[in-house]
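> This is the structure I have questions about; it appears just below.
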Amino acid sequence: MASNASTEAPASSVAEGEKSYTPPPAELPSDTRRRTYIVWSYWLIVVFLGLPIWWQTTAIHRAHLPLDGMMQWADGKACRPVFPLQIEIRADALQEPEAQHLVRLTQHALDDLNEFSGHHLRLQLAPKDETRAARDEPEPALIINCRPGDAATSSLSQEQPLLEITYPPNSTPQLNSASSPLATFITNELRSTFAEEQSIIAYLLSTSSMASGSRPPSLTPDVAEALSKRTTRSLRYSPTYHLTFSLLTDRGLPNSWDVEGALEEYIKPMLEVLKPIHNFTIDTQVQLYATPGDQSEVLNKESLSSFINAAEWPLSPSIGGAPTVNFLLYVGNQTIRLDDNSDTSQSWMIPQWGTVYLLPLPKNEAHVSVATLKQPMLTFGGHLLSLLGTPVSGSLPLRLSSLTRIRSTDLLLRASSSLGSLARLTEKLPSIAIPQSVADGVETTLHHLEQACANLGGVQGLTHARIAEQEVERAFFEKSMVGQLYFPDEHKIAVYLPLLGPISVPLIMGLMTELKNWIARRKKKAEEAKEKKSQ
1 MASNASTEAP ASSVAEGEKS YTPPPAELPS DTRRRTYIVW SYWLIVVFLG LPIWWQTTAI
61 HRAHLPLDGM MQWADGKACR PVFPLQIEIR ADALQEPEAQ HLVRLTQHAL DDLNEFSGHH
121 LRLQLAPKDE TRAARDEPEP ALIINCRPGD AATSSLSQEQ PLLEITYPPN STPQLNSASS
181 PLATFITNEL RSTFAEEQSI IAYLLSTSSM ASGSRPPSLT PDVAEALSKR TTRSLRYSPT
241 YHLTFSLLTD RGLPNSWDVE GALEEYIKPM LEVLKPIHNF TIDTQVQLYA TPGDQSEVLN
301 KESLSSFINA AEWPLSPSIG GAPTVNFLLY VGNQTIRLDD NSDTSQSWMI PQWGTVYLLP
361 LPKNEAHVSV ATLKQPMLTF GGHLLSLLGT PVSGSLPLRL SSLTRIRSTD LLLRASSSLG
421 SLARLTEKLP SIAIPQSVAD GVETTLHHLE QACANLGGVQ GLTHARIAEQ EVERAFFEKS
481 MVGQLYFPDE HKIAVYLPLL GPISVPLIMG LMTELKNWIA RRKKKAEEAK EKKSQ
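Following this line, the structure appears as structure tokens:
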């Protein structure tokens, strides 16, 4: 009995061992299809739903910009700056045929000597006042009043754009003559009157990309250097400037000044004339303590840089966004040595900043009157015109009309250059966003540039050029565009990788497993098919 039990035990253990190593049953085809459907459904959701949503929500909006037109303006191909100045000649002492012949001879002489075709003086015989009012014609840039006299003389009016010319009777042109001393004299006077304006505009064009289209005359090195210094000294154009008049003293006296009366008499009339070009706001202040950096009686140019100390001269800045022009009246018995010689002055102008005037007063003087402020205010007015870029030569009406054309040219060139910079930035950075506001600003800029190019000789051209420059600057410094400049691709990878890594790994591994299983099933079916054929 015992031997029989011992022989039966190993058989049962072997059977249990064989049962424990039984392979799992084969996967049903329905389960395989279900798993495949699940994997592919995930991929279909990712490809056809997830990716489009991600693309739409993260795509960078780039509004359409007329890049070709923008580059044409930047390269000077869209506009050829022309400044047609209408000049009227009034010669009441001549018969109308003789006056017309004088106009023709003068015009021919001007055209022969003019090297800058863009700056063109157009002469015509002055019409009657009734005719001008009926035709609603614009006022000319200059009126030449010719009247007989003993000798050929000329004088510019200081109150209106009028050039008075006297001529001897033997200088009038004959109807059959090809030249005339009077026509030559008028030609020379016109060229000298507008020479500075022509040089300034030629310099602005020569330093821009529009030089090839306008063909400005070449300037001598001395003239170019002088114009470069003038440009450096002038303030950048702004529709509005804030003027600050400060009285500074190193003692308790004076403690008051009649600045309002002085401004009304000497400054505000000039500001009223400048209104078509600039607007101005004014404030005044009295600083009862200030210490100059140099205590010597005569200040050299080397000591001027340390004379103004913003920490000890607390000048009040402008409240708004307009640039500030400072006019300082410092009470002190000091003068400024202009050069190495003994010439001295009471004032000096600081480029793009303002003017300091040194006013000597008795120590017991408590009030500064209007009469005392006359010379400082006249100096401030002249320096303000220089800081605004006004030409030096000529009467004030002509200088202001020249300033209008100079500012129009400057704004036109700056707006065109900004358009080119924006176009190059758009092409260089394809991932930068371009909002619709930028496209609208560019469209507005192009429209006003066209209007400014067509009206460069008057106030309308300045208005359009100013709007164009403001719009393109606003478009170029759009906040959303500036933010994209500092968001490189490395930052995008750092943002997306922690999110997409945990999601993409299971999807990719599941897809690879399904592909392997599908290949294995294809091989198995192929082998079974071969076996059937062999049987």
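The C-terminal residue of the sequence shown carries number 535 in the UniProt record's numbering, and the numbering is unbroken.
Note that the Cβ used here is the ideal one computed from N, Cα and C, for glycine as well.
1) Is it buried or exposed, alanine 2, if we count other Cβ atoms within 10 angstroms and call 16 or more buried?
2) Over the uninterrupted beta strand (DSSP E) stretch that includes tyrosine 330, give me the two end residues.
3) Pairing CB atoms from the region 178-187 with CB atoms from the region 97-117, are three or more of them under 8 Å?
4) At what residues does the alpha helix (DSSP H) containing arginine 251 begin and finish?
5) Just verifying my parser: in three-state terms, what is the DSSP assignment at serine 3?
6) For a test of the three-state rule: what should DSSP assign to leucine 274, helix, strand or coil?
7) In terms of residue numbering, what span does the alpha helix (DSSP H) encompassing asparagine 279 cover?
8) For a test of the three-state rule: what should DSSP assign to serine 345, helix, strand or coil?
9) Comparing alpha-carbon positions, which option in Leu403, His383 and Leu361 lies nearest threonine 249?
10) Buried or exposed: which applies to valine 198, given that a residue is buried once 16 or more other Cβ atoms fall within 10 Å of its Cβ?
11) Are there 16 or more other CB atoms within 10 angstroms of the CB of glutamine 124, so buried, or fewer, so exposed?
12) May I ask which residues mark the beginning and end of the alpha helix (DSSP H) holding leucine 396?
13) Flag this pair as yes or no: are the beta carbons of serine 345 and threonine 355 separated by less than 8 Å?
14) Which of helix, strand or coil does DSSP assign to alanine 9?
15) Taking 7 Å as the limit between beta carbons, can you name the residues of its chain near valine 223, skipping five residues before and five after?
16) Touch check for the region 439-456 and the region 464-475: three-plus C-beta pairs under 8 Å?
17) As an exercise, report each continuous alpha helix (DSSP H) stretch of at least 4 residues that is fully enclosed by the region 145-211, in chain order.
18) Skipping 5 residues on each side, what residues in its chain have a beta carbon closer than 7 Å to that of proline 140?
19) Compute the Euclidean distance between the alpha carbons of alanine 366 and serine 256, then round it to the nearest angstrom.
20) CB-CB under 8 Å to serine 13, same chain, minus the five flanking residues each way: which ones, in chain order?
21) Relative to the alpha-carbon of asparagine 517, which residue among Val39, Thr22 and Pro25 has its alpha-carbon at the smallest distance?
22) As a quick exercise: from His383, Arg521, Lys525 and Tyr241, pick the residue whose alpha carbon is nearest that of threonine 32.
23) Going by the DSSP bridge assignment, what does leucine 243 pair with across the sheet?
24) If I follow the unbroken beta strand (DSSP E) through histidine 120, where does it start and stop?
25) Counting pairs of Cβ atoms below 8 Å between the region 415-432 and the region 259-279, do you hit three or more?
26) For threonine 62, which of helix, strand or coil comes out of DSSP?
27) Would you identify the three-state DSSP class for phenylalanine 476, choosing helix, strand or coil?
28) Measure the Cβ-Cβ separation of proline 430 and glutamine 160 and say whether it is below 8 Å.
29) Using the DSSP secondary-structure output, state which residues sit across from glutamine 352 in a beta bridge.
30) So the candidates are His64, Arg122, Phe83 and Glu265; which of them puts its Cα closest to the Cα of lysine 374?
31) Can you grab the Cα-Cα spacing for the pair glycine 381 / isoleucine 267, in whole Å?
32) Measure the C-alpha to C-alpha separation of glutamine 112 and glycine 69 and round it to an integer number of angstroms.
33) From Cys79, Asp283, Ser208 and Thr513, pick the residue whose C-alpha is nearest to that of histidine 242; which is it?
34) Judging by CA-CA distance, which residue of Glu225, Ser418, Met512 and Leu204 is the nearest neighbour of arginine 407?
35) Note the first and the last residue of the continuous beta strand (DSSP E) segment covering isoleucine 434.
36) Nearest-angstrom Cα distance between serine 177 and serine 418?
According to the data block:
1) Confidence at alanine 2 is low in this model, with a pLDDT of 43, below 50, so its placement is unreliable and the value that follows should be read with caution. By the 10 Å Cβ count, alanine 2 comes out exposed.
2) 324-331
3) yes
4) Note, arginine 251: premise wrong, no alpha helix (DSSP H); not H, not E.
5) Annotation note: pLDDT 44 at serine 3 (below 50); position unreliable, coordinate value reported separately. Helix, per DSSP.
6) In the structure shown, the three-state DSSP call for leucine 274 is coil.
7) Not the alpha helix (DSSP H): asparagine 279 falls in the beta strand (DSSP E), residues 279-287.
8) strand
9) For the residues Leu403, His383 and Leu361, the minimum Cα distance to threonine 249 belongs to Leu361.
10) The question names valine, but residue 198 is glutamine in the sequence shown. By the 10 Å Cβ count, glutamine 198 comes out buried.
11) exposed
12) Counting along the chain, the alpha helix (DSSP H) containing leucine 396 begins and ends at 396-428.
13) no
14) Note that alanine 9 scores 49 on pLDDT, short of 50, meaning its location in the model is unreliable; the coordinates nonetheless yield the value given after this. Three-state result, alanine 9: helix.
15) The answer, listed in chain order, is Ser199.
16) Below 8 Å, enough C-beta pairs join the region 439-456 and the region 464-475 to call them touching: three or more.
17) Within the region 145-211, the complete alpha helix (DSSP H) runs of at least 4 residues are 181-193 and 195-206.
18) Gln86, Ile87 and Glu88
19) 7 Å
20) The predicted position of serine 13 is uncertain, since its pLDDT is 49 and thus under 50; no value can be drawn from it.
21) Closest by alpha carbon: Val39.
22) Arg521
23) Ile282 and Val325
24) For histidine 120, the enclosing beta strand (DSSP E) begins and ends at 119-125.
25) no
26) Per the sequence presented here, residue 62 reads as arginine, with threonine not at that position. In the three-state reduction of the DSSP assignment, arginine 62 falls in the strand class, which pools E and B.
27) helix
28) no
29) According to DSSP, which records beta bridges pairwise, glutamine 352 is partnered with nothing at all.
30) Glu265
31) 6 Å
32) The amino acid occupying residue 112 in the given sequence is aspartate; glutamine does not appear at that position. When rounded, the distance between both Cα atoms is 35 Å.
33) Asp283
34) Leu204
35) Neither: isoleucine 434 is in no beta strand (DSSP E) and is coded neither H nor E.
36) 52 Å
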